[in-house]
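In the working numbering, the protein residues as written are 14 to 285. Ideal Cβ positions, reconstructed from N, Cα and C, are used throughout, including at glycine. Read through the structure below, which is laid out as structure tokens, and then see the notes.
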């Protein structure tokens, strides 16, 4: 008998396709038992949507490092072929990090993508960028804000749903970010997954987590941590940009086909 606590209230979606880059792939939320070795917010959302729905299928086409045009070229057609009724798209962040990344041009490109999925009858979810004022990504805060406003216009044009990470103030807590300071931690992915489900008005089992306060660090400790971060993450990131390389080179999507999130189709803890 299935535990009632594992069963969600009915919702209208049966086939979910997630498109994007490292954020949607789940980087920062390592899990050796998850397909591809990373879990992430999209897996967590799919797990909740699948509870009590034996026919629910999920595909994750996201690949780390992908720019918007690459996502359009490589992920849109495969996603359409899966005939999803729910699509999440998070794209453009890597473009904004690059010199010349234009939030207006990016929104124009994304508008056409949303139009295509909306015309297919799918519910489309778009993500605003988070408020990065307190992070190493602070230099793109103004471009992110412009891009977010453009996304709201795109969403209104096509009756898409906005998953508003900018308004999710919990993401300003350092514990929401992974050690590379560029991706979200497991706690961050968990928090975002709950926000997405709340935005879709889906009852779920994800409970808010209250991270402990970080101990006060001395100047010497903070400086040492910054130097380690620069050596292990920032310098390699800069070198990849100079060499026109991507962290996603040679990486394929972790869920190319739409299938049950729980393997045979039963949620963890369920039994006959």
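Checklist entry - Could you give the residue range of the beta strand (DSSP E) that holds residue 140? => result Locating residue 140 in the chain shown gives position 127, where the first residue counts as 1. 136-140 is the extent of the beta strand (DSSP E) around residue 140.
Item to check | Contact the segment 267-274 vs the segment 48-63: 3+ CB pairs below 8 Å | outcome: yes
Checklist entry - What first and last residue would you give for the beta strand (DSSP E) that runs through residue 40? => result Counting from 1 along the chain shown, the entry for residue 40 is found at position 27. From DSSP, residue 40 is part of no beta strand (DSSP E); its letter is neither H nor E.
Item to check | Cβ-Cβ distance between residue 157 and residue 93 below 8 Å | outcome: The count along the chain shown starts at 1 and reaches residue 157 at position 144. The count along the chain shown starts at 1 and reaches residue 93 at position 80. No, they are not a contact pair.
Item to check | the segment 135-142 touching the segment 170-184, judged by at least three CB pairs closer than 8 Å | outcome: yes
Next on the checklist: Buried or exposed for residue 144, going by 16 or more other Cβ atoms inside 10 Å?
Outcome noted: As a position in the chain shown, residue 144 is number 131, starting the count at 1. Buried, since its Cβ has 16 or more Cβ neighbours within 10 Å.
Checklist entry - Which residue comes first and which comes last in the beta strand (DSSP E) that contains residue 125? => result Here the question's residue 125 lines up with position 112 in the chain shown. Careful: residue 125 lies outside any beta strand (DSSP E), inside the alpha helix (DSSP H) at 116-132.
Next on the checklist: Quick check on the DSSP output: what are the complete beta strand (DSSP E) runs of length 3 or more inside the segment 54-103, in order along the chain?
Outcome noted: 70-73 and 99-103
Checklist entry - Per DSSP, what kind of secondary structure is residue 162 in: helix, strand or coil? => result Here residue 162 is taken as the residue at index 149 of the chain shown, counted from 1. Residue 162 falls in the helix class under three-state DSSP.
Next on the checklist: For a quick check, are the C-beta atoms of residue 142 and residue 106 less than 8 Å apart?
Outcome noted: Within the chain shown, numbered from 1, the residue matching residue 142 stands at position 129. Within the chain shown, numbered from 1, the residue matching residue 106 stands at position 93. Yes, the Cβ-Cβ distance between residue 142 and residue 106 is below 8 Å.
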